[in-house]
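Novice: I have a structure I would like to understand better, so I am pasting it below and will then ask my questions one at a time.
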Amino acid sequence: MFVADLHNDVLQRAIVGEDIITKSNNGHTDIERLIEGKINLEVFAIWMPKHYLQHAAFSRANELIDKLEEIDKKTDLLIKINSLGDINFKKDKTLYAAIGIEGGECFEGSIDKLEHFINRGLFYLGPTWNYSTDLATSAYDEKFNLKNIKSIGLTKFGLESLKLCEERGVLIDVSHIGEKSFWDIMKIAKNPIIASHSNAYTLCPHFRNLKDDQIIAIKEKKGIICLNLYPAFIDTDFQEKDKKFKESLKNDLNNIDLKYQNPDLRWVYRQYFLQKSLYSIVPSLEKFVDHIEYIINLIGIDYVGIGSDYDGTDCLPKGIIDCLDHMKIGDELKKRGYNEKDIEKVMGLNLLRVYDLIKSKSN
Numbered sequence: 004m005f006v007a008d009l010h011n012d013v014l015q016r017a018i019v020g021e022d023i024i025t026k027s028n029n030g031h032t033d034i035e036r037l038i039e040g041k042i043n044l045e046v047f048a049i050w051m052p053k054h055y056l057q058h059a060a061f062s063r064a065n066e067l068i069d070k071l072e073e074i075d076k077k078t079d080l081l082i083k084i085n086s087l088g089d090i091n092f093k094k095d096k097t098l099y100a101a102i103g104i105e106g107g108e109c110f111e112g113s114i115d116k117l118e119h120f121i122n123r124g125l126f127y128l129g130p131t132w133n134y135s136t137d138l139a140t141s142a143y144d145e146k147f148n149l150k151n152i153k154s155i156g157l158t159k160f161g162l163e164s165l166k167l168c169e170e171r172g173v174l175i176d177v178s179h180i181g182e183k184s185f186w187d188i189m190k191i192a193k194n195p196i197i198a199s200h201s202n203a204y205t206l207c208p209h210f211r212n213l214k215d216d217q218i219i220a221i222k223e224k225k226g227i228i229c230l231n232l233y234p235a236f237i238d239t240d241f242q243e244k245d246k247k248f249k250e251s252l253k254n255d256l257n258n259i260d261l262k263y264q265n266p267d268l269r270w271v272y273r274q275y276f277l278q279k280s281l282y283s284i285v286p287s288l289e290k291f292v293d294h295i296e297y298i299i300n301l302i303g304i305d306y307v308g309i310g311s312d313y314d315g316t317d318c319l320p321k322g323i324i325d326c327l328d329h330m331k332i333g334d335e336l337k338k339r340g341y342n343e344k345d346i347e348k349v350m351g352l353n354l355l356r357v358y359d360l361i362k363s364k365s366n
């Protein structure tokens with residue numbers, strides 16, 4: 004079975020000096036655990052925290068890619084690829100690694116800098132994270148920050164960037180963008196569109212999730228929706244529990260903040276603490292699979308995948324401690340009567356379908 008996971012933030016741990024090759028109990032992933040968990044392709048997010056956005060986004064993004072390439076040189080367990088065509092499907096015990104940009108701040112308004120990242124192997128581009136960029140407005144800002152936004156939707160630079168990505172076979176990821184940005188993209192996109200890590204708004208009305216008409220629109224573009232293991236996007240009840248529980252942990256979190264003055268280290272160690280602390284209140288794996296099944300029932304099984312958000316979330320559903328439990332998603336689908344062929348589609352084959360379409364349309 005070919006297994007693909009479209010969103011992972013473990014490079015945030017690697018960049019502060021942590022060994023993410025060797026199996027450990029830290030976080031959700033490392034290369035050895037990903038292989039043991041039977042994942043063949045992992046897309047590593049190139050995401051920049053807020054303190055890099057004004058002055059160092061381009062350099063920080065390059066540092067993250069440099070780190071992945073450094074790991075590639077250090078171990079035979081990982082191979083960084085520039086396209087899915089680089090994958091040897093007969094090769095065992097190897098993790099193939101691609102990169103996805105989460106927030107276009109690193110282009111710094113320059114189409115040449117976007118091309119630079121395409122030449123470094125960019126697999127998909129998410130125009131925004133939670134902050135709007137000079138490409139598009141974000142879901143967060145369209146929901147909570149409209150009064151501070153000069154214009155809503157896809158920008159002229161965003162349009163130029165989208166066209167270049169489509170020409171070069173780079174997927175466009177709509178997971179973090181606002182609804183106006185989403186529909187602007189849908190009007191002009193010629194290639195399949197992906198959501199790398201989003202769930203169903205109908206089951207959990209969070210601003211980061213996709214409404215039914217958006218899900219249907221992605222199907223009409225022959226794209227794929229990859230579902231996210233973050234409990235706040237799975238279960239509405241968790242959001243209130245999470246808020247109260249973190250309030251009770253305030254002193255512990257403050258102590259971490261005082262101990263780690265470096266904001267990158269602080270982020271990592273807060274994640275470690277919360278990943279262990281929040282497990283008692285998280286929703287079940289079954290609730291996550293409810294989102295998969297909802298989207299299957301809405302648009303069909305050919306348009307669904309997984310974008311775990313490992314090491315980008317502070318907790319996972321019950322039953323998923325880390326990526327070693329990744330195949331439990333397929334086990335739960337099997338319990339619900341899905342056959343092996345359908346499970347293989349969800350776990351990775353649907354992405355290959357999208358790639359074949361992109362390859363046929365791009366230069």
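Add 3 to the 1-based position in the sequence shown for our numbering, that's all there is to it. By construction, the Cβ of each residue, glycine as well, lies at the ideal position given by its N, Cα and C atoms.
#1: Give the secondary structure of Leu325 by DSSP, where H, G and I count as helix, E and B as strand, and everything else as coil.
#2: Could you spell out where the alpha helix (DSSP H) holding Ala17 opens and where it closes?
#3: Taking one C-beta from the region 7-22 and one from the region 302-316 each time, how about it: are there three or more such pairs within less than 8 angstroms?
#4: Determine the DSSP secondary structure at Asn148, reduced to helix, strand or coil.
#5: Report the option in Asn43, Thr316, Ala64 whose CA atom is closest to the CA atom of Leu98.
#6: Might you give, ordered along the chain, the residues of its own chain that have their beta carbon closer than 8 angstroms to the beta carbon of Asp22, omitting 5 neighbours on each side?
#7: Below 8 angstroms on the Cβ atoms is my guess for Gln278 versus Gly30; work out the distance and round it to an integer in Å.
#8: Let me know if Gly181 comes out buried or exposed under the rule of 16 or more other beta-carbons within 10 Å of its beta-carbon.
#9: Secondary structure at Cys109, three-state DSSP: helix, strand or coil?
#10: Closest Cβ-Cβ distance between Ile361 and chain C: below 9 angstroms?
#11: Please list the terminal residues of the continuous alpha helix (DSSP H) segment that includes Leu268.
#12: Could you have a look at Leu135 and say whether DSSP puts it in helix, strand or coil?
#13: Under the DSSP definition of a beta bridge, which residues are partnered with Glu45?
#14: Per DSSP, which residues does Cys229 bridge with? Please list them.
#15: Quick check: what's the CA-CA separation for Glu111 versus Phe61?
#16: Considering Ala60, what are the terminal residues of the beta strand (DSSP E) in which it resides?
#17: At what residues does the alpha helix (DSSP H) containing Tyr358 begin and finish?
#18: So is Pro208 buried or exposed if we call it buried at 16+ other beta carbons inside 10 Å?
#19: Classify Phe126 as helix, strand or coil using the three-state DSSP reduction.
#20: With distances taken between CB atoms, is the gap from Asn257 to Phe236 smaller than 9 angstroms?
#21: Can you find the residues in the same chain that come closer than 6 angstroms, C-beta to C-beta, to Lys220, ignoring five residues on each side of it along the sequence?
#22: Just reading off the beta strand (DSSP E) that Ala198 is part of, what are its end residues?
#23: Count the other CB atoms within 10 Å of the CB of Arg339; is the residue buried (16 or more) or exposed (fewer)?
#24: To which residues of the same chain is Ala192 closer than 8 angstroms at the C-beta, ignoring the five residues directly before and after it?
#25: Please state if the CB of Asn194 and the CB of Ser86 are separated by a distance shorter than 9 angstroms.
#26: Quick one: Cα of Lys83 to Cα of Phe92, how far?
#27: Inspect the beta-carbon positions of Gly308 and Leu230 and report whether they are closer than 9 angstroms.
Specialist: Quick look at the numbers:
#1: As written in the sequence, residue 325 is Asp, which differs from the Leu given in the question. Three-state DSSP puts Asp325 in coil, outside helix and strand.
#2: That run of the alpha helix (DSSP H) goes 14-17.
#3: yes
#4: coil
#5: It is Asn43 whose Cα lies nearest to the Cα of Leu98.
#6: Taken in chain order, the residues that qualify are Asp33.
#7: The beta carbons of Gln278 and Gly30 sit about 7 angstroms from each other, so the pair counts as a contact at 8 angstroms.
#8: buried
#9: helix
#10: Here there is only one protein chain, and chain C is not present.
#11: Per DSSP, Leu268 belongs to the alpha helix (DSSP H) from 266-280.
#12: In the sequence on display, residue 135 carries Ser and not Leu. Reduced to three states, the DSSP call for Ser135 is coil.
#13: Paired residues: Asp8, Ala100.
#14: Gly308
#15: Answer to the nearest angstrom: the Cα atoms are 7 angstroms apart.
#16: That residue, Ala60, is in no beta strand (DSSP E); its alpha helix (DSSP H) goes 60-77.
#17: Counting along the chain, Tyr358 sits inside the alpha helix (DSSP H) bounded by residues 353-364.
#18: exposed
#19: Reduced to three states, the DSSP call for Phe126 is strand.
#20: With contacts defined as CB atoms closer than 9 angstroms, Asn257 and Phe236 fail to qualify as a contacting pair.
#21: Residue identity differs from the one stated: residue 220 is Ala in this sequence, not Lys. Contacts found: Met189.
#22: 196-198
#23: exposed
#24: Leu165, Glu169, Ile175, Lys224
#25: no
#26: Roughly 15 angstroms separates the two Cα atoms.
#27: yes
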